[in-house]
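Single-structure report; data block below.
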Amino acid sequence: MEATSGDNETINLTIITFQSTLPHRGALALTILLILNLYFAGMSSITVTSRIGFAMARDGIFPFSNYLRWIFEPTKTPLANVVFVCIIDSLLLLLQLVSTTAFVAIIAITTLGFQISYFMPIFFRCTIARDTFQLGGFNLGRFSIPIAIISSIWLFITSIFMCFPTEYPVTKDNMNYTIVIISGIALIAVIYWLVSARHRFVGPKRIDMDPTSLPVELSTNGNEKTTAAPETPASMVTRL
Numbered sequence: 185m186e187a188t189s190g191d192n193e194t195i196n197l198t199i200i201t202f203q204s205t206l207p208h209r210g211a212l213a214l215t216i217l218l219i220l221n222l223y224f225a226g227m228s229s230i231t232v233t234s235r236i237g238f239a240m241a242r243d244g245i246f247p248f249s250n251y252l253r254w255i256f257e258p259t260k261t262p263l264a265n266v267v268f269v270c271i272i273d274s275l276l277l278l279l280q281l282v283s284t285t286a287f288v289a290i291i292a293i294t295t296l297g298f299q300i301s302y303f304m305p306i307f308f309r310c311t312i313a314r315d316t317f318q319l320g321g322f323n324l325g326r327f328s329i330p331i332a333i334i335s336s337i338w339l340f341i342t343s344i345f346m347c348f349p350t351e352y353p354v355t356k357d358n359m360n361y362t363i364v365i366i367s368g369i370a371l372i373a374v375i376y377w378l379v380s381a382r383h384r385f386v387g388p389k390r391i392d393m394d395p396t397s398l399p400v401e402l403s404t405n406g407n408e409k410t411t412a413a414p415e416t417p418a419s420m421v422t423r424l
């Protein structure tokens with residue numbers, strides 16, 4: 185492995201597969217399986233990210249939300265957001281041609297970014313929104329708050345460890361820049377909110393996809409209440 189990679193830290197998986205697997209037909213099959221795995225994983229990631237981006241554009245978060253929430257009528261898909269996500273992904277991949285350290289630092293924030301996105305609503309659910317949070321049809325009842333507290337503690341502690349360097353001695357090339365990038369993104373988000381977003385973003389738009397039904401929700405005191413399905417604003421989605 186060392187002779188192949190020239191570095192104990194970097195191993196070319198494909199070459200190692202061919203060196204370790206005989207006959208080579210088996211190595212070729214494993215390599216094809218790996219390529220297919222990466223391809224479908226990429227497709228699922230683009231699908232998820234584009235739908236999240238569409239939901240954010242639908243709620244008016246982005247500066248050009250009117251364009252990003254455009255729906256391609258024949259397939260009923262958020263085509264504009266799919267293209268947008270593909271462009272951003274391509275630009276991020278091109279970054280490694282300029283600086284591998286910067287590229288690794290950016291992709292390293294994915295897990296921590298997910299953890300923070302989970303932590304914030306769960307934490308606020310069991311603190312400042314404890315008495316005002318509107319329960320949905322499926323909820324954990326009296327166990328909601330204890331589980332939310334445990335989840336918040338777990339996410340907070342594990343997020344701290346994700347900011348530690350992964351190698352020693354620490355150099356400028358192997359330094360974990362996750363906290364720097366997360367802080368930069370948070371700063372940009374705060375500035376964007378104060379300057380622009382707070383004037384048009386009022387929160388997620390909750391839509392009942394079946395307007396004929398009246399969902400039964402639970403209030404914070406445990407009593408059932410029936411709420412009428414909200415109407416979908418015509419300006420929310422731009423169609424072809």
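Under the numbering used here, the sequence shown has 242 at position 58, and the numbering climbs by one with no breaks. Beta carbons: idealized from backbone N, C-alpha and C, even for Gly. For clarity, every value in this text was computed on a predicted model and none was experimentally measured.
Let me make sure I understand the geometry here. Which of the options has the alpha-carbon closest to that of residue i?
i	options	result
K335	G320, T355, C310, F345	Here residue 335 turns out to be Ser, not Lys, going by the sequence shown. Minimum Cα distance to S335 is reached at C310.
I230	R314, F256, I272, T362	I272
N360	L296, I306, G325	L296
T342	F303, A213, S274	F303
Y251	E257, A241, M346	A241
A381	F308, S249, F345, V267	S249
I306	P330, D357, T285	P330
Quick check: the Cα distance between residue i and residue j, rounded to an integer number of angstroms?
i	j	result
L319	Q299	22 angstroms
T261	P353	48 angstroms
I372	T362	15 angstroms
S301	R209	44 angstroms
S246	G226	In the sequence as displayed, the identity of residue 246 is Phe instead of Ser. Cα-Cα distance, rounded: 24 angstroms.
N221	T316	44 angstroms
Y223	A211	18 angstroms
F327	I333	10 angstroms
L339	S283	30 angstroms
V232	A264	14 angstroms
E351	L277	24 angstroms
V364	F238	28 angstroms
Look up residue i in the DSSP assignment and say whether it is helix, strand or coil.
i	result
L324	coil
I255	strand
T362	helix
T261	strand
A286	helix
What are the boundary residues of the alpha helix (DSSP H) that residue i is part of?
i	result
M304	293–309
Let me confirm a value: residue i is counted as buried when at least 16 other C-beta atoms fall within 10 Å, else exposed. Which label applies?
i	result
L281	exposed
V379	exposed
S234	buried
S367	exposed
I337	exposed
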